[in-house]
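Start counting the sequence shown at 1; every next residue gets the next number (UniProt numbering).
For reference, the structure is listed below as structure tokens.
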Amino acid sequence: MAYCILNIALDTPLTSCFDYRWPCAAGEEPLVGQLALVSFGRREVVGLIVAVKHDTDVPADKLKDALGVRSQLSPLSPQWIALAAFAADYYQRPLGEVALPGLPKNLRVLTTVALDRALKKLAKSAPVHDHTPLDMPVLNGAQQEAADAIGGAQGFTPILLYGVTGSGKTEVYLQACAQVLAREEGGQILILVPEINLTPQLEGNIRARFPGVMLATLHSSLSEGERMLHWLAAHQGQARIILGTRLAILASLPHLKLIVIDEEHDPSYKQQEGLRYSARDLAVWRARQLNIPIVLGSATPSLESWHHAGSGRYRKLELRERAVKDAVLPRVKLLDMERDKPVDGITSYLTAALRQRLERGEQSLLFLNRRGYAPVICCESCGWISNCTRCTSFMVLHKPEHRLRCHHCSLELRIPRHCPTCGNVDLQPLGRGTQRVEEGLQQVFPQARILRIDADSTRLKGSAQAAFDTVHRGDVDILIGTQMVAKGHDFKKLTLVGILNPDTALFSQDYRASERLFAQLMQVAGRAGRAARTEGGSVSEVLIQTRYASHPLYSAVVSHDYDRFATDLLAERRQAALPPYLYQALLRAEAPELETAIGFLESARDALVFHGITLNDPIPMTMTRVHNVDRAQLLVESPSRPALQAFLKEWLALLRAMKSRVKWSLEVDPLDI
């Protein structure tokens, strides 16, 4: 019996791949990129074949036999395996921990029932090849120039599409896609959005524009069966347009010709657990690998992308005007809460503005990025506050559910009837969340149709889309929401945005806080005045309640001046030697006691001296304790990315050899420090 050796990547923390025997006749051996079922320890698992060999350092009779090969599935391409290998190498993870989780779960189960069913269903689908777009609106000059530049781009061309909110970036994407689909026979286009709730609106636009093109969607709220079906449609080239969140960057797309990243600045593109990859950065690498164009669109680009555009690495296209004729950017006004004292969290000026919109039949949005009723309850007699017993955070009051809830460890408790310390029955909520604002508005405007959209009100599948549909139909007068409503949504009747309590971000220890706050304010402000102003209609307004009206960040928001804000912030970053002028990695450690985590990090700091690398002292994380586990971190910095990568490879080998019960993880290019 002739055997070949299959080198297989498995989803394990071990850095190596594993050899298995497979009986094969000449010309019938398995292919690189196929999936194989193997025995690993006491388990049977599915792995990825990354090499097929005919000899090995280990005697063949000492190797286990592979149990099966998924021959009914066409192999993953060498380009896809190279993408997974790059992500594994750059983010310092084993190849199997990148490649296998990047596949649908139903591909990694032991049986092939779900795979066979999905393949049969796709085989019955009528082939669709009509890429003719319908209802193509006429673009303005800047839009047409941008669409032609994107649609006609050849080779690796990174493009930053900088357009103010409402400037018609989506229409530019769609018309550029039409050009690519017409030119590239069988070509595929990948469009990424930062959040799941942004997919339905864009999906509807794509289906209406390209009814003859198969569209696949990939995001975490799909059922496993749906995700398998859509992934296979992309893998087999049947789906010409693929729309998804960050996980879609790891989809198998054998005929990819264009990548579009909408709201490229959004931190949601960075995975915050497991493989902590940046979908935006991987997309740029994938575009370079395949020698295709990539578009990064935003009204508030990330400083990294703005820096690349300024240095000439990215081509910058600009949309300075709103796309709808007679639609203008809203007027931004700062409401000084030291002069206009808020009642129930809302100033008299904002209350009057809300009343005016109600009288005109127009919609208003109140933005508060804090869900729940109140951030904390307290006892005014003894000073007790509702701390979480498992985390260094407060228990948030959720009044409708009559619960205290920790937003970090999900601990839930009943609201105490009296103070646990002194017995005082008069416990008071402190601060305001979206639930409390909703309650207050219902008392002030009892006839108004008020809707709250946040993570609590949209827990059920489909509830978020149903809520947004209600707003789009005009069945809502006042919308209260968190960051879920801040970007991507086109509310035609919305003419007023009120922003509550944004000041806390001004004093964050995170050096990215001002960048994020500015982007958040500009994005939520952009929900107002997107339709043409009608005769007698209100001037669209954005009212920001603040106690620091003279802060330069707010001045930049008032003037809609992202250019100046970004230029000034980049100058500060350069002077302070911070990204994008410096490269970072963050080693985190978790232990039952903080001293144990700090001790491990101190040993890690002293384990290796490397030229050009700075290892800062270990410190507790801002949220030190979560779910009864203490956490600390150690920041690694270098002005050279290659030097940092070389150090990390050598350093991690030493850390893995250290005998410690501390749970640790490494993040390259961290966003939260």
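Beta carbons are placed, not taken as given, at the ideal position from N, Cα and C, and that holds for glycine.
Quick caveat, the model's predicted, so the values are computed rather than measured.
Chain B contact for Lys124 (CB, 8 Å cutoff): This model lacks chain B altogether; it includes just one protein chain.
How many whole angstroms separate the CB atoms of Leu76 and Ala85, which I take to be in contact at a CB cut-off of 8 Å? For the purposes of this step, residue 76 is taken as the residue at position 76 of the sequence shown. For the purposes of this step, residue 85 is taken as the residue at position 85 of the sequence shown. In fact, because the Cβ distance is near 12 Å, the residues do not count as touching under 8 Å.
State the DSSP-derived secondary structure class of Pro620, mapped to helix, strand or coil. As a working mapping, residue 620 is identified with position 620 in the sequence shown. In the structure shown, Pro620 sits in a strand (DSSP, three-state: E or B).
From which residue to which residue does the beta strand (DSSP E) around Trp22 run? Numbered from its first residue, the sequence shown carries residue 22 at position 22. Secondary structure note for Trp22: its beta strand (DSSP E) is the uninterrupted segment Phe18 to Pro23.
Roughly how many angstroms lie between the CA atoms of Ile450 and Glu171, to the nearest whole one? The sequence position of residue 450 within the sequence shown is 450, counting from 1. The sequence position of residue 171 within the sequence shown is 171, counting from 1. In this structure, the straight-line span from the alpha carbon of Ile450 to that of Glu171 is close to 31 Å.
Considering Thr495, what are the terminal residues of the beta strand (DSSP E) in which it resides? Your numbering for residue 495 matches position 495 in the sequence shown. Element bounds for Thr495: Leu494 to Ile499.
Buried or exposed for Met395, going by 16 or more other Cβ atoms inside 10 Å? Counting from 1 along the sequence shown, the entry for residue 395 is found at position 395. So Met395 counts as buried.
Helix, strand or coil: which one does DSSP assign to Arg315? Reading the sequence shown from its first residue, position 315 is the one you call residue 315. In the three-state reduction of the DSSP assignment, Arg315 falls in the strand class, which pools E and B.
Measure the C-alpha to C-alpha separation of Ser550 and Leu365 and round it to an integer number of angstroms. Your numbering for residue 550 matches position 550 in the sequence shown. Your numbering for residue 365 matches position 365 in the sequence shown. Spanning the two alpha carbons is a distance of roughly 24 Å.
Use the C-beta contact count for Val180: other C-beta atoms within 10 angstroms, 16 or more gives buried, fewer gives exposed. Numbered from its first residue, the sequence shown carries residue 180 at position 180. With 16 or more Cβ atoms within 10 Å of its Cβ, Val180 is classed as buried.
DSSP three-state label for Pro158, please. Translated into positions along the sequence shown, residue 158 becomes position 158. Assignment of Pro158 by DSSP, reduced to helix, strand and coil, places it in the strand class.
Contact check, Ala208 vs Gln175 under 8 Å by CB: the rounded distance? As a first step, residue 208 must be located in the sequence shown, where it is residue number 208. As a first step, residue 175 must be located in the sequence shown, where it is residue number 175. So it is not a contact: roughly 14 Å between Cβ atoms.
Looking at the unbroken alpha helix (DSSP H) that takes in Ala114, where does it start and where does it end? Within the sequence shown, the letter at position 114 stands for residue 114. It spans Val113 to Lys124 - the alpha helix (DSSP H) in which Ala114 sits, taken as one unbroken run.
Kindly indicate the opening and closing residues of the alpha helix (DSSP H) around Phe40. Stepping through the sequence shown from its first residue, residue 40 is reached at position 40. It is not in any alpha helix (DSSP H) - Phe40 instead sits in the beta strand (DSSP E) that spans Leu35 to Phe40.
For Thr567 and Cys4, I'd like the C-alpha separation in whole angstroms. In the sequence shown, the residue the question calls residue 567 occupies position 567. In the sequence shown, the residue the question calls residue 4 occupies position 4. Cα-Cα distance, rounded: 59 Å.
Hey, Leu229 and Lys121 are a contact pair by Cβ (cut 8 Å); roughly how many whole angstroms apart? The residue labelled residue 229 in the question sits at position 229 within the sequence shown. The residue labelled residue 121 in the question sits at position 121 within the sequence shown. The C-beta distance from Leu229 to Lys121 rounds to 7 Å, short enough to fall under 8 Å.
Which residues in the same chain have their Cβ closer than 8 Å to the Cβ of Asp19, if we skip the five residues on either side of it in sequence? Residue 19 sits at position 19 when you count from the first residue of the sequence shown. Correct list, in chain order: Ile5, Leu6, Asn7, Ile8, Lys53, Thr56, Val58 and Leu63.
May I have a chain-ordered list of the beta strand (DSSP E) segments no shorter than 3 residues that lie completely inside the stretch 186-235? Runs found: 188-192 and 215-218.
In chain order, what residues of the same chain lie with their CB nearer than 6 Å to the CB of Leu250, ignoring the 5 residues before and after it? As a first step, residue 250 is located in the sequence shown; it is residue number 250 there, counting from the start. Around Leu250: Gly102.
Restricting to runs no shorter than 4 residues, where is the alpha helix (DSSP H) found entirely within the stretch 428-506? As far as the stretch 428-506 is concerned, its whole alpha helix (DSSP H) runs of at least 4 residues are 434-444 and 463-472.
Taking the beta carbon of Lys659 as the centre, do at least 16 other beta carbons fall within 10 Å, making it buried, or is it exposed? Looking up residue 659 in the sequence shown gives position 659. Exposed is the call here.
Closer than 8 Å by C-beta to Gln465: which residues in its own chain qualify, once you throw out the five before and the five after it? Chain order, please. As a working mapping, residue 465 is identified with position 465 in the sequence shown. Scanning its chain for C-beta atoms nearer than 8 Å, with the 5 sequence neighbours on each side dropped, one finds around Gln465 the residues Asn197 and Pro200, in chain order.
Selected residue, minimal CA-CA separation from Thr217, among Glu203, Glu224, Gly225 and Phe210: Looking up residue 217 in the sequence shown gives position 217. Distance from the Cα of Thr217 is smallest, within the candidate group Glu203, Glu224, Gly225 and Phe210, for Glu203.
When DSSP builds the beta bridges, which residues end up paired with Leu335? On the sequence shown, position 335 is the one that residue 335 refers to. Answer is Gln545.
With the cut-off set at 8 Å, would you say Pro133 and Ala178 are in Cβ contact? For the purposes of this step, residue 133 is taken as the residue at position 133 of the sequence shown. For the purposes of this step, residue 178 is taken as the residue at position 178 of the sequence shown. Against a cut-off of 8 Å, the Cβ pair of Ala178 and Pro133 comes out as a contact.
Check the C-beta distance from Ala287 over to Ile242 and give it rounded, since I have them as a contact under 8 Å. Counting from one through the sequence shown, the residue named residue 287 turns up at place 287. Counting from one through the sequence shown, the residue named residue 242 turns up at place 242. In this structure Ala287 does not touch Ile242 by the C-beta definition: roughly 14 Å separates them, more than the 8 Å allowed.
Do you know whose CA, among Arg371, Gln34 and Ile150, lies nearest His408's CA? Within the sequence shown, numbered from 1, the residue matching residue 408 stands at position 408. A check of alpha carbon separations from His408 across Arg371, Gln34 and Ile150 identifies Arg371 as the nearest.
Kindly confirm or deny that the stretch 269-280 and the stretch 110-121 touch, where touching means at least three C-beta pairs closer than 8 Å. Result no; under three Cβ-Cβ pairs closer than 8 Å.
Whole angstroms are fine: how far does the CA of Gly529 sit from the CA of Glu535? Taking the sequence shown and counting its residues from 1, one reaches residue 535 at position 535. Taking the sequence shown and counting its residues from 1, one reaches residue 529 at position 529. Because the pLDDT of Glu535 is 49, which lies under 50, any placement of that residue in the model is unreliable, and the number read from its coordinates should be weighed accordingly. Spanning the two alpha carbons is a distance of roughly 14 Å.
Enclosing alpha helix (DSSP H) for Leu350 [first to last residue]: Here residue 350 refers to the residue found at position 350 of the sequence shown. Unbroken alpha helix (DSSP H) run through Leu350: Ser348 to Arg360.
When DSSP labels each residue in this structure, what does Glu535 get in the three-state scheme? On the sequence shown, residue 535 is found 535 positions in, with the first residue counted as 1. Legend: pLDDT at Glu535 = 49, less than 50; position of this residue unreliable, value from coordinates given subsequently. Glu535 falls in the coil class under three-state DSSP.
Mapping DSSP to helix, strand and coil, what is Ile294? Sequence index remark: in the sequence shown, residue 294 carries index 294 (1-based). Secondary structure at Ile294: strand, using DSSP grouped into helix, strand and coil.
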